[in-house]
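Here the protein sequences come in this chain order: A and B.
Residue numbers for the first sequence follow our numbering, so the first one is 1 and each next one is one higher.
Residue numbers for the second sequence follow our numbering, so the first one is 1001 and each next one is one higher.
Ideal Cβ placement from N, Cα and C applies to all residues, glycine included.
2 protein chains.
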Amino acid sequence: MRATLIYGAGDIRVENVPDPVLRQPTDALVRVLRSCICGSDLWPYGSAPVSEHGRRIGHEFLGVVEETGREVSGLRAGDVVVAPFVWSDGICDFCVEGLQTSCRHGGGWGTQDVDGGQGEAVRVPHADGTLVKLPVGEDSALLPSLLTLSDVYPTGHHCAVTAGVGPRTTVTVIGDGAVGLSAVLAARRLGAEQIILMGRHKDRTDLGREFGATDIVPERGEEGIERVKELTGGDGTRTVLECVGLESAMRTALAVVRDGGVVSRVGAPQYQQIPAGFPEFRRNITITGGGAPARAYIEELMPEILDGTLQPGKVFDRTVSLDDVPAGYQAMADRAALKVLVQP
Amino acid sequence: MRATLIYGAGDIRVENVPDPVLRQPTDALVRVLRSCICGSDLWPYGSAPVSEHGRRIGHEFLGVVEETGREVSGLRAGDVVVAPFVWSDGICDFCVEGLQTSCRHGGGWGTQDVDGGQGEAVRVPHADGTLVKLPVGEDSALLPSLLTLSDVYPTGHHCAVTAGVGPRTTVTVIGDGAVGLSAVLAARRLGAEQIILMGRHKDRTDLGREFGATDIVPERGEEGIERVKELTGGDGTRTVLECVGLESAMRTALAVVRDGGVVSRVGAPQYQQIPAGFPEFRRNITITGGGAPARAYIEELMPEILDGTLQPGKVFDRTVSLDDVPAGYQAMADRAALKVLVQP
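1) When you check each C-beta in the stretch 1017-1047 of chain B against every C-beta of chain A, which residues fall closer than 7 angstroms?
2) Taking the alpha-carbon positions, what's the A1333/B to T101/A distance?
3) Please classify T1237/B: is it buried, with 16 or more other beta-carbons within 10 angstroms of its beta-carbon, or exposed?
4) Give me, in chain order, the residues of the same chain whose beta-carbon lies closer than 7 angstroms to that of G1291/B; leave out the 5 immediate sequence neighbours on both sides.
5) Does DSSP put M198/A in a helix, a strand or coil?
6) Would you give the residue range spanned by the beta strand (DSSP E) that E1015/B belongs to?
7) CB of D324/A to nearest heavy atom of the ligand ATP: below 7 angstroms?
8) Around the C-beta of V21/A, are 16 or more other C-beta atoms found within 10 angstroms, so that it is buried, or is it exposed?
9) Along chain A, in chain order, which residues have C-beta atoms closer than 7 angstroms to that of R1283/B?
10) Could you give the first and the last residue of the continuous alpha helix (DSSP H) run that contains R1189/B?
11) What's the C-alpha gap between V1266/B and I91/A?
12) Relative to the C-alpha of A1127/B, which residue among G1098/B, E1071/B, G1164/B is closest?
13) I'd like to know if I1006/B contacts chain A, where contact means its C-beta is closer than 8 angstroms to some C-beta of that chain.
14) Would you mind telling me which residues of chain B sit closer than 8 angstroms to G277/A, beta carbon to beta carbon, in chain order?
15) From the DSSP output, in three-state form, read off I1388/B for me.
16) Could you spell out where the beta strand (DSSP E) holding E242/A opens and where it closes?
17) How about L969/B: is its C-beta nearer than 8 angstroms to some C-beta of chain A?
18) Applying a beta-carbon distance threshold of less than 8 angstroms, which residues of chain B neighbour G58/A?
19) Could you tell me which uninterrupted beta strand (DSSP E) segments, each at least 3 residues in length, are contained entirely in the stretch 1024-1068 of chain B, listed from first to last along the chain?
20) Report yes or no: is there a C-beta of chain A within less than 8 angstroms of the C-beta of D1089/B?
21) So which of G234/A, G308/A, R318/A has the shortest CA-CA distance to A141/A?
22) Between the stretch 1242-1264 of chain B and chain C, which residues of the former have a C-beta closer than 7 angstroms to a C-beta of the latter?
23) Quick one: does T169/A have its CB under 8 angstroms from some CB of chain B?
24) Listing by chain order, which chain B residues have their CB less than 8 angstroms from the CB of F94/A?
25) Helix, strand or coil: how does DSSP classify D1151/B here?
26) So is D1203/B buried or exposed if we call it buried at 16+ other beta carbons inside 10 Å?
27) Does chain B have any CB closer than 8 angstroms to the CB of I287/A?
28) Just to confirm my understanding: we take E1120/B, look at its own chain, exclude 5 residues before and 5 after, and list those with CB closer than 8 angstroms. What are they?
29) Tell me the DSSP bridge mates of A83/A?
30) Could you give the distance in angstroms between the alpha-carbon of D1235/B and the alpha-carbon of V1342/B?
31) Among Y153/A, V240/A, A255/A, which has the Cα closest to the Cα of G192/A?
32) Which residues share a DSSP beta bridge with V1263/B?
33) Residues in the same chain with beta-carbon distance under 8 angstroms from G1107/B, minus the five sequence neighbours each way, listed in chain order, please.
34) With which residues is R1002/B paired in a DSSP beta bridge?
35) Is the beta carbon of T148/A sitting closer than 8 angstroms to the one on V14/A?
As structure tokens, then:
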């Protein structure tokens, strides 16, 4: 089959790789209908060391079950399914608690012996625990929005949930990437009263407004912080959803959160430490979030996609074929595309 | 009157200072019955720069109201009262929410124009908002335990509350100082199932056992981390109460918290940053806590002291007169005393 590999910074190739086969009785084989490129894929795209044999990449996909191992009981060939961005057994204590990212027998896509999502097919370990059946056909117009259940939408939702967003909460969302926009959508869905979106790309913040942002702050740094303070009577918001992953974004987050408030972060951190000295201590700031257990949220988030109420798939503004995935990476890195859908 | 001043590291003096007088109609004058030395006083005692005129110190006291300003309505001369470690107006939005440490008109003791607690008397700003009346006499045997309501006991309680300790929670408490032991007491009171106390001073950890610790880990660093892991099936505890304030303690906290768990910190941080890179992110660790709004908890914590159920005052293992406060500091710095009560 064809699949995407990364050979180093800026070096994405689509190549022939061995067709996946069942290895464990709990595996399923899934033919990919749609996958996509994640903002977090841009980190290795920007800085990965040279790899002689390449490494599979891509962790968001939905597709059709083609074959199942003999211990898979909840799925059958022909089912349309979505995969969260980590696979998990679904039965360990962490999975039962809804923290599938810490599954005792789970792992990531595109790792040793496990296919990446940006390819024609994927062997899915622990298929019963990992995959969620979608009640749609292969040609459904809802596929892009359903694909967001793989990562970006639950990630924004996780950010809002861990921050404690609820009715009448004030929220600042930092970052107008697909995760930030998904966080806006999630915060709105949870009833947030004021949602300030910090972002400077007008086409993206326009979508942010459509998703529920009440205020847009295009300024960055000190100027942006001052603007959020102005919008909140000088105090900042009770919750801040940090959807970038850079230290500068985290510093902004800490500056615009109200005393006693919560900063939740879901952007894969490109830093090792965060400021947490006396100022943050005195102000009783909580820092939470992390890698989203997307699997935990899919059933909750799916109905509004199925009935057309919410369209998180609007974050996709470009579609490429599998062979054009390298161009898709470049478009996202250049900020020419917000999020790229891949149709193998 | 006599009051304690700090002139620099290791240089504590008790001197004559002007008697406090009412300045604002919302002030009260309080004659101090008991005060004490806080673990956090040891940080300036260890490292404060030389001060030509000295700086008042002490932020925990209870006493008798001697005089009230004309706008003070809830207190009268003769009332026995306890003061939390910051003063606050009691009516701003932060106070109403229970975050009096962020009061819009509040402040600390021993700052510009405000007396410290380690003296004979204190002018209390915003007396109605700040002071809590104690239903005991000046000679009550409960004064030491009631004095803990000023800081150390609510601080331990804040740590447990913000960490989300409740029935059946597993807890690691880092630090066998008075705050750590108070956190043990608070965690037990909140119903924690397993309370692992990390501390190496046997007399202190013995008190920790009395307060409710189920396990004692005297080892430090990697060895201590391994021991906590052994006690928790390899996972660590769901909550960690960091009651020291050193970076090493914070690193231990992050190492012994279970994935998805919470580290709460109430030890005044002697560090500027905390590790929060990909490992902590992937594990969905929450970092919370901060300076405890003691005022918010006093009414809740007082009844069990009054009826004798709980005796947080057991953290006091030495009593000194006001003139002997310098020796009290030295005894705490030498770890010869756990916490020193001052009887002016």
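Let me spell this out:
1) none
2) Along the second sequence, read from residue 1 onward, the residue named residue 1333/B stands at position 333. Along the first sequence, read from residue 1 onward, the residue named residue 101/A stands at position 101. When rounded, the distance between both Cα atoms is 44 angstroms.
3) Translated into the one-based positions of the second sequence, residue 1237/B becomes position 237. Buried is the call here.
4) Within the second sequence, residue 1291/B is the residue found at index 291, counting from 1. The beta carbon of G1291/B sits closer than 7 angstroms to those of T1101, all from its chain and outside the five residues before and after it, given in chain order.
5) For this step, residue 198/A is matched to residue 198 along the first sequence. Reduced to three states, the DSSP call for M198/A is strand.
6) Stepping through the second sequence from its first residue, residue 1015/B is reached at position 15. Note, E1015/B: beta strand (DSSP E), 1011-1016.
7) The ligand ATP is not part of the structure shown, which contains no ligands of any sort.
8) As a position in the first sequence, residue 21/A is number 21, starting the count at 1. The residue is exposed, with fewer than 16 neighbouring Cβ atoms inside 10 Å.
9) Position 283 of the second sequence holds residue 1283/B. By Cβ distance, chain A contributes S102, G290.
10) Locating residue 1189/B in the second sequence gives position 189, counting from the first residue. Unbroken alpha helix (DSSP H) run through R1189/B: 1178-1189.
11) One-based indexing of the second sequence puts residue 1266/B at position 266. One-based indexing of the first sequence puts residue 91/A at position 91. When rounded, the distance between both Cα atoms is 36 angstroms.
12) Locating residue 1127/B in the second sequence gives position 127, counting from the first residue. Cα-wise, what sits closest to A1127/B is E1071/B.
13) Numbered from its first residue, the second sequence carries residue 1006/B at position 6. No - not a single Cβ of chain A is within 8 angstroms of the one on I1006/B.
14) Taking the first residue of the first sequence as 1, we reach residue 277/A at position 277. Neighbours of G277/A on chain B, chain order: P1269, Y1271, Q1272, Q1273.
15) Since the first residue shown for chain B is 1001 and the last is 1344, residue 1388/B is missing from the structure and cannot be characterised.
16) For this step, residue 242/A is matched to residue 242 along the first sequence. Element bounds for E242/A: 237-242.
17) Absent from the model: residue 969/B. The displayed extent of chain B is 1001 to 1344, so no value can be given.
18) Counting from 1 along the first sequence, the entry for residue 58/A is found at position 58. Result: empty, since nearest Cβ-Cβ is about 19 angstroms, beyond 8 angstroms.
19) 1028-1036, 1061-1068
20) Within the second sequence, residue 1089/B is the residue found at index 89, counting from 1. Taking Cβ atoms only, chain A never reaches closer than 8 angstroms to D1089/B, which makes this a no.
21) In the first sequence, counting from the first residue as 1, residue 141/A sits at position 141. Nearest of G234/A, G308/A, R318/A to A141/A, Cα basis: G308/A.
22) Chain labels in this structure do not include chain C; the protein chains are A and B.
23) Sequence index remark: in the first sequence, residue 169/A carries index 169 (1-based). No, T169/A lies away from the interface with chain B (no Cβ there is under 8 angstroms from its Cβ).
24) Working through the first sequence from its first residue, we reach residue 94/A at position 94. What F94/A touches in chain B: D1259, G1260.
25) Looking up residue 1151/B in the second sequence gives position 151. Coil at D1151/B, not helix or strand.
26) By 1-based counting over the second sequence, the position of residue 1203/B is 203. Exposed, by the Cβ-count rule.
27) For the purposes of this step, residue 287/A is taken as the residue at position 287 of the first sequence. Yes, I287/A counts as interfacial toward chain B.
28) Indexing the second sequence from 1 puts residue 1120/B at position 120. So the qualifying residues of the chain are M1001, R1002, A1003, R1031, V1032, L1322, P1344.
29) By one-based count along the first sequence, residue 83/A stands at place 83. According to DSSP, which records beta bridges pairwise, A83/A is partnered with F61/A.
30) If you number the second sequence from 1, residue 1235/B lands on position 235. If you number the second sequence from 1, residue 1342/B lands on position 342. One C-alpha to the other measures close to 42 angstroms.
31) By 1-based counting over the first sequence, the position of residue 192/A is 192. According to the sequence provided, residue 192/A is Ala. The question's Gly does not apply to it. With distances taken between Cα atoms, A192/A lies closest to V240/A.
32) As a working mapping, residue 1263/B is identified with position 263 in the second sequence. According to DSSP, V1263/B bridges with V1240/B, I1287/B.
33) Along the second sequence, one-based indexing puts residue 1107/B at 107. So the list reads V1086, W1087, V1114, P1125, once near-sequence residues are dropped.
34) Within the second sequence, numbered from 1, the residue matching residue 1002/B stands at position 2. Answer is N1016/B.
35) Residue numbering aside, residue 148/A sits at position 148 when the first sequence is read from its first letter. Residue numbering aside, residue 14/A sits at position 14 when the first sequence is read from its first letter. Result no, Cβ atoms of T148/A and V14/A do not sit closer than 8 angstroms.
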